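Novice:
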Amino acid sequence: QKEVEQDPGPLSVPEGAIVSLNCTYSNSAFQYFMWYRQYSRKGPELLMYTYSSGNKEDGRFTAQVDKSSKYISLFIRDSQPSDSATYLCAISTGGGNKLTFGTGTQLKVEL
Amino acid sequence: GAGVSQSPSNKVTEKGKDVELRCDPISGHTALYWYRQSLGQGLEFLIYFQGNSAPDKSGLPSDRFSAERTGGSVSTLTIQRTQQEDSAVYLCASTGRNTGELFFGEGSRLTVL
């Protein structure tokens, strides 16, 4: 069993839709939870970061963590074509430790 | 430079040849990571440097893979006797903070024929 499971998609939605992206993890020692966005042929860039259960909002993006279920989500409201990218969840046991990444979900937002 | 710089951006080599991939991290960043990204496999951790030392080499897939970092800055990942399964994008990231925010380069795309 992988430490982090993520549906690879692809996921195709119309512009303006609400997108839900999810990951599950197996190790309760993981304490830091992140979402990275990766455009084609580019390196990943940090989108959202949290270390506690609950919701964190940033503009159209909301990250949700449920430690009891070992489940993390990223919601994108009013999705735009510019949101088309691969979204990777990443988790860590500590702030300075290596990140364990999910496989990434490829998202396409169509006009 | 402003970001993490990797070279070459693309490398095509023949099976059995050695390759070197270079990473120039953001100035002042003490921690440096190498990851490998294969199609459908996500990012696979290879090695982590703190300064010039590598406290975690657990992700290197075989003894054909090695990496070094000199002067607490530039790092080189070397793959000896390349195999076709080594074909992937090799990503380097650096950070100067004790957080999860890694700053990635654009990667070196390796194709082994």
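Chains as they are written, first to last, in my numbering: chain A, 78 to 188; chain B, 947 to 1059. All residues carry an ideal CB built from backbone N, CA and C; glycine is no exception. Every value quoted in this text rests on a predicted model; they were computed, and no experiment measured them.
Which runs of the beta strand (DSSP E) spanning at least 3 residues fall entirely within the region 140-176 of chain A, listed in chain order?
Specialist: Segments of the beta strand (DSSP E) lying fully in the region 140-176 of chain A: 148-153, 162-169.
Novice: In chain D, what lies closer than 7 Å to residue 979/B by C-beta?
Specialist: Of the protein chains in the structure, A and B, none is chain D.
Novice: For residue 108/A, name the three-state secondary structure that DSSP assigns.
Specialist: As a working note, residue 108/A is residue 31 in the first sequence. Here residue 108/A sits in coil by DSSP.
Novice: Restricting to Cα atoms, I'd like to know which of 176/A, 113/A, 155/A, 187/A is closest to residue 99/A.
Specialist: Residue mapping note: residue 99/A aligns to position 22 of the first sequence, counting from 1. Nearest C-alpha to residue 99/A: 113/A.
Novice: What are the complete alpha helix (DSSP H) segments, minimum 4 residues, inside the region 962-1018 of chain B?
Specialist: With a minimum length of 4 residues, no continuous alpha helix (DSSP H) run stays inside the region 962-1018 of chain B.
Novice: Can you give me the C-alpha to C-alpha distance between residue 949/B and residue 1018/B, rounded to a whole angstrom?
Specialist: Position 3 of the second sequence holds residue 949/B. Position 72 of the second sequence holds residue 1018/B. If you take the alpha carbons of residue 949/B and residue 1018/B, they lie about 16 Å apart.
Novice: Against chain B, which members of the region 82-93 of chain A pass a CB distance test of less than 7 Å?
Specialist: Within the region 82-93 of chain A, the qualifying residues are 85.
Novice: Mind checking if residue 1023/B is an interface residue toward chain A, Cβ cutoff 8 Å exclusive?
Specialist: Along the second sequence, read from residue 1 onward, the residue named residue 1023/B stands at position 77. Not closer than 8 Å to any Cβ of chain A, the Cβ of residue 1023/B fails to qualify, so no.
Novice: Closest to residue 155/A by C-alpha separation, out of 87/A, 131/A, 136/A, 103/A, would be which residue?
Specialist: Stepping through the first sequence from its first residue, residue 155/A is reached at position 78. Of the listed residues, the one whose Cα sits closest to residue 155/A is 136/A.
Novice: Answer yes or no: does any C-beta atom of chain A fall closer than 8 Å to that of residue 970/B?
Specialist: Reading the second sequence from its first residue, position 24 is the one you call residue 970/B. No, its Cβ sits nowhere closer than 8 Å to a Cβ of chain A.
Novice: Provide the residue(s) that pair with residue 1021/B in DSSP beta bridges, ordered along the chain.
Specialist: Position 75 of the second sequence holds residue 1021/B. Its beta-bridge partners are 969/B, 1015/B.
Novice: Using alpha carbons as the reference points, say which of 971/B, 960/B, 987/B lies closest to residue 1077/B.
Specialist: Only positions 947 to 1059 of chain B appear in the structure, and residue 1077/B is not among them; the question remains open.
Novice: Is the number of C-beta pairs between the region 104-112 of chain A and the region 130-144 of chain A that are closer than 8 Å three or more?
Specialist: A contact exists between the region 104-112 of chain A and the region 130-144 of chain A.
Novice: At a CB distance below 7 Å, what residues from the region 99-113 of chain A approach chain B? Give them in sequence order.
Specialist: So the list reads 109, 111, given in the order they occur along the chain.
Novice: Residues of chain A with CB under 8 Å from residue 1002/B, in chain order?
Specialist: For the purposes of this step, residue 1002/B is identified with residue 56 of the second sequence, where counting begins at 1. Those within 8 Å of residue 1002/B in chain A are 175.
Novice: By the 9 Å beta-carbon criterion, what residues does the region 118-133 of chain A contribute toward chain B?
Specialist: For the region 118-133 of chain A, which is checked against every Cβ of chain B, the residues closer than 9 Å are 118, 119, 120, 121, 122, 123, 126, 128.
Novice: From the beta carbon of residue 165/A, is the nearest beta carbon of chain B less than 8 Å away?
Specialist: Counting from 1 along the first sequence, the entry for residue 165/A is found at position 88. So yes, residue 165/A belongs to the interface.
Novice: Under the DSSP definition of a beta bridge, which residues are partnered with residue 131/A?
Specialist: As a first step, residue 131/A is located in the first sequence; it is residue number 54 there, counting from the start. Residue 131/A is bridged to 142/A.
Novice: Go ahead and label residue 169/A buried or exposed: buried means 16 or more other beta carbons lie within 10 angstroms of its beta carbon, across all protein chains shown.
Specialist: Locating residue 169/A in the first sequence gives position 92, counting from the first residue. When all chains shown are included, residue 169/A counts as buried.
Novice: Does any C-beta atom of chain A lie closer than 8 Å to the C-beta of residue 991/B?
Specialist: To locate residue 991/B, count along the second sequence from 1; it is residue 45. Output row for residue 991/B: interface = yes.
Novice: So, with DSSP's three-state summary, where would you put residue 78/A?
Specialist: For the purposes of this step, residue 78/A is identified with residue 1 of the first sequence, where counting begins at 1. In this structure, residue 78/A counts as coil in the three-state DSSP scheme.
Novice: Between the region 955-965 of chain B and the region 119-137 of chain A, can you find at least three pairs of beta-carbon atoms closer than 8 Å?
Specialist: Not touching, per the Cβ criterion.
Novice: Compute the Euclidean distance between the alpha carbons of residue 1010/B and residue 1025/B, then round it to the nearest angstrom.
Specialist: Locating residue 1010/B in the second sequence gives position 64, where the first residue counts as 1. Locating residue 1025/B in the second sequence gives position 79, where the first residue counts as 1. Answer to the nearest angstrom: the Cα atoms are 6 Å apart.
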